Amino acid sequence: MVIKCFAISLFTYFTFEILVNLSIQFHHSSLKVHTLLDKLWMILFVPPSMHRIHHSIKKEEYNSNYGVIFSLWDKLIGTFLTGKDETKIEIGLNYCRDFKKLGFYHLLVMPFKIS
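Next up, the structure:
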């Protein structure tokens, strides 16, 4: 329906979706990109090193780098954060560090629990 309302062609829609999903796969990957290429890429786009900070357990780190494709948005709204030592970033969520509570049932009900 939205596609018809805004006169977006199916080709344009699917091209956009493919590019967004490829971008998400790229910055959620564990790829290590050469430092120079990483810094150049970060001028406009979100590289894995930048987005990895967003998945930290520290509030000042996970409350940053929300961009999906363009790093510009984080720069504009003040959530752009770089320069962290990736080897010291602990990934995850503080409230679910207990592996016993990461089974199927617990993961299924987790979004509905009040934290």
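Last residue of the sequence shown? That's 114 in numbering that gives the first Met the number 0, and every number before it is there in order.
Using N, Cα and C, we set each Cβ at its ideal position, and we do this for glycine too.
All values derive from a computational prediction rather than experimental measurement.
SER55 is positioned such that its CB atom lies no closer than 8 Å to that of ILE76. Every unbroken stretch of the alpha helix (DSSP H) spanning 4 or more residues and falling wholly within the region 57 to 95 is given here in chain order: 58 to 61, 71 to 76.
Taking a contact to require three or more Cβ pairs closer than 8 Å, the region 64 to 71 and the region 37 to 48 qualify as touching.
Straight-line spacing of the CA atoms in LYS57 and ILE7 works out to 40 Å.
For PHE5, the three-state secondary structure derived from DSSP is coil.
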